[in-house]
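Heads up: the protein sequence lines correspond to chains A, B and C, in order. Residues 603 to 938, numbered by our numbering, are exactly what the first sequence covers, in order. Residues 0 to 415, numbered by our numbering, are exactly what the second sequence covers, in order. Residues 25 to 367, numbered by our numbering, are exactly what the third sequence covers, in order. See below for the structure under consideration.
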Amino acid sequence: MRKFIERHTFWAIVILLVAGIFLWMIFAVWPDWLVSALGRKKTFVNTFLNGLTLAGLYFLVASGFTLVFGLMRNVNLAHGSMYLLGAYIGYEAAEASGNWFVGLGVAFIAIAVTGILLQVLVFRRMEGDDLRQTLVTIGVSIVAADLMLAVWSGTTYQFAPPEWLFGAAELPIISTIRSSGQEVFIKYPVYRLAVLGVAIAVGIALWLFLNRTRIGMMIRAGVNDRDMLAASGVNVQLVFALVFAIGAGLAGFAGVIGGTALSIAPGEDIRYLLASLVVVIVGGMGSVPGAAIGALLIGLAEQFGLAYFPTYGVVLTFLIMVVVLAVRPQGIMGNS
Amino acid sequence: MITDKRTVIAAAVAAMLAGPAMAQDDSVKMGALATLEGAFTVLGEDSMRGVRMALEEFKYTAGGKKIELITGSSDASPDSAIRATRKLVEQDGVQVLVGPLSGSEGLAVKDYAKTQPNVTFLNGSSAAQDTTLRDPAENFFRFGTEGAQWMAGLGEYVYKEKGYRSIAVLAEDYSFPYTQVFGFLEPFCRLGGEAPADARFWVPIGNKDYSSVIAALPDDVDAIYVALGGADAVNFLTQYEQAGGDLPLVGGSITVDQTVLGSKGRTRDFVIGTPSAGPISDTWDDPKWQAFVEAYKTQFPDGFPSPSLFAHAYYINTKAALLALDEVGGDLSDGGKKYREVLSNLSFETPTGMVKLDERRNAIADIFLTEVSEGPDGNLLNKTIKVIPEVSQTLGVSYDEFLKYGPVSRENPKCG
Amino acid sequence: MADLSLIAGKSRLPNIHPAALVAAVFLLFYPAFASNFFIFQVGAYTLVLGTIALSLMMLAGYGGMVSLSQLTVAGLAGYLMAILGENSVGVMGLGWPWWLTALTAILAASVFSALIGAISVRTEGIYTIMITLAIAVAFFYFVRQNYVIFNGFTGYAGVEPPVLFGIYWRDPTPFYYLSLAVAAFFFFAVLYGARSTFGLSLQAIRDNPRRMRAIGYDVTLHRIFAYWLAGLIAGTAGVLMVWFNGRISPGSVGVDIVIDILVIAVVGGMRHPIGPFIGALAFVLLENFAIDLIDRERFNTVIGLAFLLVVLFSPDGLLGLWMRIKNALKLKRRTLPESGGGQ
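Structural data, given as structure tokens:
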């Protein structure tokens, strides 16, 4: 962090300024000229929070994707299918047990096992052939999408989260002050705040795991130099299987989280695959902090786009991607 | 040895490449086209149930000829619809075709129909206005109604009965919702209601996260008109409830239908009382509709709890095709000319009332004004408020007058 | 992944194989005995799809760059035909003469392809597939939302090929020969181009970019140029595609079709330019007649499984499978080992 400030003083100041303005815009009561320029404060703050929470969801999905790529150079284009399958399995488990948290756990485990199976049965057989591995994942995602359609049909599914997670909470942020002097506070869905909390918790846990445990260090060593790791006598296959399990499991986990925030329907696999792709391209392949930064940028861009110019919201996302690729092809946090 | 093999292959290839198999004298080939793949598979399957019901009613014979049904499938894109249609017409040699399912497919099939003047096309459930309104094809018939007709009476109802004066609009950004918004706002605005352009929100189709749009919805309107379908509608309703939204809603034809109300997950009690309109109503107590629902249930125990508007539309169009065949005695030898004349003047009793065609071969039929209410077992369904009789495509004004309104778009009609 | 067998295999081509002669005669006289449906929807459509897949095969097979945005390039050309030329929708349709429209569309598509190349070749290998996939999906979303230029969800209809020499070029037989001419032209261009200096350096770059860079080759420029050439192929096929369909809409450039093109190229085989056409034929036959044999509902499972089987067990596609069978037969007959054409 300090190194960054020393090296890029100008950019550090710009980032601090932008952050400062955002904070002011969130907590201050808006003067009239700002309201006439940007519309109501409620819209702005809600959009900002939506961007943050969506970023949390994107981070959950993309962190697994980037982890797997970082270690194994395996672009798992079936990652979106794992998200969707996790959501469906989680839904069935939650329905059967009547407990949402059971669904969450079952989704993580089931998809982690699926990931291990894929790694052991398919990818291990074609190690080093990146292209073929990627093609296999495309094939898997085509078949998986169609089979899921056969099993769960085109109906939309929605989870019923615990009652205390549903509904809106009043935030200590003033929206406007009525003419009577009464302060109006901003209301925000509790569940979405929970999504953000879970994403931050998962992010911290991943960081601790990678930086503070022996296995984590092996994984990081493997990201930097795979051959050296193998030469040092570590059972690489075991590490690979573990990382794949975590990466896939996170996708399944995100399936339930995302399926509760939004919904489960055919086509969501492509949507989240795409989100993961863009997030890691922007953030840098293989980097977990990169996934966090990428998710933040894309989440905010998508929501502000949707609220302020809905027609071209999607395009804004891709503009960011193209700009990043043009300026820094390896992504913001990627190693060149 | 090698030459032997080659001759066999050549013969097989030649047999395959030969032109369309001609129908035998005692049978008529009928094609049915729906989306049997992709995300709309469930709807396509229900459409085919509608076709089978009509055929079953006629015991697969009409005008003394056996009806041979050949199915075709698209993935809801116009390109695939055209390829499937071309195969049915040019390869399988169908003389009558029922389909397709969705709006842009319908426009594409109408264009194709012009190149096949000897084949008769009947619409499935596609509901775009221009399929019959502008530049229609002589051999394309629509015995079901379309998106703007479906909204008949709703604008008037919410203005007069509910007392709404200003309305925000939230709809998907493509032609079908444009048509519905037009059909709803046209009478509403003429009465003096307001729906200014900056209170109309057009979201990309397939959008799942409505939270930011909900935050941007204005507070100072009386209600929100929502024209979203399927998963999009389910997402919006949940997120609107979650965000603590409290404005009353007005629904498009597929916003509060059974696919949305019956979706898996929490029940949405707050939509009770939401008015909507469409070509069918789940709880109509007319005996003809009840009999139709019963027949559907016995014939397809694995179908929906009640026939969808897709099954209904395909049923009506197939039935029209068969009735007309009966009338011409199964004679299509003149390239179907006489057959199409009969179709043009056909008028018959459907489970939802009488239907007849206007001069551009679009249906004039009854529309149902409904309101979401709680059913006997706690499930949500649409209760019939009233039946709007004989709704025409031009919504009661003359053809020329109606054309002056202009094609449907985000800004049509301007009001407020 | 690759070796020099491609180049070695090709040097034998000038002495024409009898099977190639039979195929050529068959293709030329096909309309004489096939029905309109088979000429147009099977024959011509196979050639158009095959040409789009050919542009992917050229990039992937010779350049090692699997670009998923080739259909997008073709789609842009198709859209430009509707925008610059004439359409029946009443949006845009500037009414340029057909030859100018087609020329502009193809050139613009090739420039677009080169731009995609410029963005994606700066990163190595597997990034290409991700970036081009993201671009393809972005293009799909963009045309679906943009009403001013691309007419959004509805897209364009009524895009007509010209009437030239008294011939309406969408009639089955003329359109078939038009597609055949285009496909054959690009087929031979790719076949012989692979042995040109540029073709050889591209393959050398594919096999060892670092070494080529060290020798002093501008690797990036070579790759971008390859993208530009692939753009010419895809763009021309795009013009044919829009003439074939008579319309273009976001569904024509959707992600499922993007994947279909990849499936066609991979299933056919990426080692030889004939591969994409074999793949396209298999795909078109399956698309049209699967409904008569099996339940159409699970069409995508069939396609996906075929693709998976090929990737898992015959990485060189149907073409590779054929070579292997041929070699096995030869071995049996002569009991003498022989160095086969494929490996």
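In this text, a Cβ means the ideal position worked out from N, Cα and C, and glycines have one as well.
Nearest neighbour of residue i, chosen from the options [CA to CA]
{"i": "residue 183 of chain B", "options": "B/385, B/207, B/223, B/197", "result": "B/223"}
{"i": "residue 182 of chain C", "options": "C/105, C/232, C/189", "result": "C/105"}
{"i": "residue 319 of chain B", "options": "B/193, B/194, B/96", "result": "B/96"}
{"i": "residue 848 of chain A", "options": "A/808, A/616, A/735", "result": "A/808"}
{"i": "residue 336 of chain B", "options": "B/68, B/137, B/82", "result": "B/137"}
{"i": "residue 51 of chain C", "options": "C/190, C/79, C/140, C/207", "result": "C/207"}
{"i": "residue 810 of chain A", "options": "A/831, A/714, A/890", "result": "A/890"}
{"i": "residue 737 of chain A", "options": "C/314, C/316, C/355, C/284", "result": "C/284"}
{"i": "residue 307 of chain B", "options": "B/26, B/29, B/35, B/43", "result": "B/43"}
{"i": "residue 296 of chain C", "options": "C/214, C/72, C/265, C/164", "result": "C/214"}
{"i": "residue 822 of chain A", "options": "A/623, A/669, A/628, A/663", "result": "A/669"}
{"i": "residue 676 of chain A", "options": "A/725, A/633, A/652, A/691", "result": "A/725"}
{"i": "residue 21 of chain C", "options": "B/187, B/105, B/160", "result": "Outside the shown range of chain C (25 to 367) lies residue 21 of chain C, about which nothing can therefore be said."}
{"i": "residue 227 of chain B", "options": "B/27, B/181, B/322, B/176", "result": "B/176"}
{"i": "residue 825 of chain A", "options": "A/698, A/888, A/919, A/797", "result": "A/888"}
Contact set between residue i and chain C, taken where Cβ atoms lie within less than 8 Å
{"i": "residue 86 of chain B", "result": "61, 65, 312"}
Chain B contact residues for residue i, given Cβ-Cβ distances below 8 Å
{"i": "residue 937 of chain A", "result": "Within chain B, no residue comes near residue 937 of chain A; the closest Cβ sits about 32 Å away, beyond 8 Å."}
{"i": "residue 211 of chain C", "result": "Per Cβ cutoff of 8 Å: no residues; residue 211 of chain C is ~22 Å from chain B at best."}
Min CB distance residue i to chain A below 8 Å
{"i": "residue 271 of chain C", "result": "no"}
{"i": "residue 212 of chain B", "result": "yes"}
{"i": "residue 132 of chain C", "result": "no"}
{"i": "residue 165 of chain C", "result": "yes"}
{"i": "residue 22 of chain B", "result": "Low confidence applies here, because residue 22 of chain B scores a pLDDT of 49, under 50, leaving its location unreliable; read the following figure in that light. Closer than 8 Å: no."}
is_contact[residue i, chain C] using C-beta, thresh 8 Å
{"i": "residue 90 of chain B", "result": "yes"}
{"i": "residue 132 of chain B", "result": "no"}
{"i": "residue 45 of chain B", "result": "no"}
{"i": "residue 690 of chain A", "result": "no"}
{"i": "residue 404 of chain B", "result": "no"}
{"i": "residue 846 of chain A", "result": "no"}
{"i": "residue 71 of chain B", "result": "yes"}
{"i": "residue 942 of chain A", "result": "The structure shown does not extend to residue 942 of chain A, since chain A is modelled only from 603 to 938, so the question has no answer here."}
Amino acids of chain B, ordered along the chain, whose beta-carbon sits closer than 7 Å to that of residue i
{"i": "residue 203 of chain C", "result": "Ordered by position in chain B, no residue passes the 7 Å Cβ test against residue 203 of chain C, which lies about 15 Å from the chain."}
{"i": "residue 324 of chain C", "result": "36"}
{"i": "residue 74 of chain C", "result": "None at all; the shortest Cβ gap to chain B is about 16 Å."}
Nonlocal neighbours in the same chain, by C-beta distance under 6 Å from residue i, ignoring five residues either side
{"i": "residue 237 of chain C", "result": "243"}
{"i": "residue 146 of chain B", "result": "126, 175, 178, 179"}
{"i": "residue 198 of chain B", "result": "167, 217"}
Beta-carbon contacts of residue i that lie in its chain and below 7 Å, excluding the five residues immediately before and after
{"i": "residue 710 of chain A", "result": "851, 854, 855"}
Chain B contact residues for residue i, given Cβ-Cβ distances below 9 Å
{"i": "residue 275 of chain C", "result": "74, 75, 76, 77, 78, 79, 103"}
Below-8 Å beta-carbon distance, residue i vs any chain B residue
{"i": "residue 315 of chain C", "result": "yes"}
{"i": "residue 169 of chain C", "result": "yes"}
{"i": "residue 652 of chain A", "result": "yes"}
{"i": "residue 864 of chain A", "result": "yes"}
{"i": "residue 176 of chain C", "result": "yes"}
{"i": "residue 278 of chain C", "result": "yes"}
Residues near residue i in its chain [Cβ-Cβ closer than 8 Å; skip 5 each side]
{"i": "residue 342 of chain C", "result": "291, 292, 293, 299, 302, 303, 306, 334"}
{"i": "residue 805 of chain A", "result": "661, 665, 890, 894"}
{"i": "residue 93 of chain B", "result": "28, 29, 30, 69, 87, 118"}
Partners in chain C for residue i, counting only beta-carbon separations shorter than 9 Å
{"i": "residue 110 of chain B", "result": "112, 181, 182, 270, 271"}
{"i": "residue 736 of chain A", "result": "90, 150, 153, 154"}
Residue i: contacting residues in chain C (beta-carbon distance under 7 Å)
{"i": "residue 774 of chain A", "result": "Neighbours of residue 774 of chain A on chain C: none; closest Cβ ~37 Å, over 7 Å."}
Contact list for residue i against chain A, beta-carbon separation under 8 Å
{"i": "residue 40 of chain B", "result": "751, 755, 756"}
Amino acids of chain A, ordered along the chain, whose beta-carbon sits closer than 7 Å to that of residue i
{"i": "residue 273 of chain B", "result": "Ordered by position in chain A, no residue passes the 7 Å Cβ test against residue 273 of chain B, which lies about 18 Å from the chain."}
{"i": "residue 331 of chain C", "result": "741, 744"}
Checklist entry - Taking the runs of the alpha helix (DSSP H) that are 4 residues or longer, which of them lie wholly in the stretch 670-749 of chain A? => result 681-699, 702-723
Checklist entry - Which runs of the alpha helix (DSSP H) spanning at least 4 residues fall entirely within the stretch 136-202 of chain B, listed in chain order? => result 153-159, 174-189
Item to check | Minimum length 4: unbroken alpha helix (DSSP H) runs contained in the stretch 241-266 of chain B | outcome: 257-260
Item to check | Unbroken stretches of the alpha helix (DSSP H), 4 residues or longer, contained in the stretch 356-408 of chain B | outcome: 398-402
Item to check | Runs of alpha helix (DSSP H) lying entirely within the stretch 281-364 of chain C, each at least 4 residues, in chain order | outcome: 298-317, 323-337, 341-358
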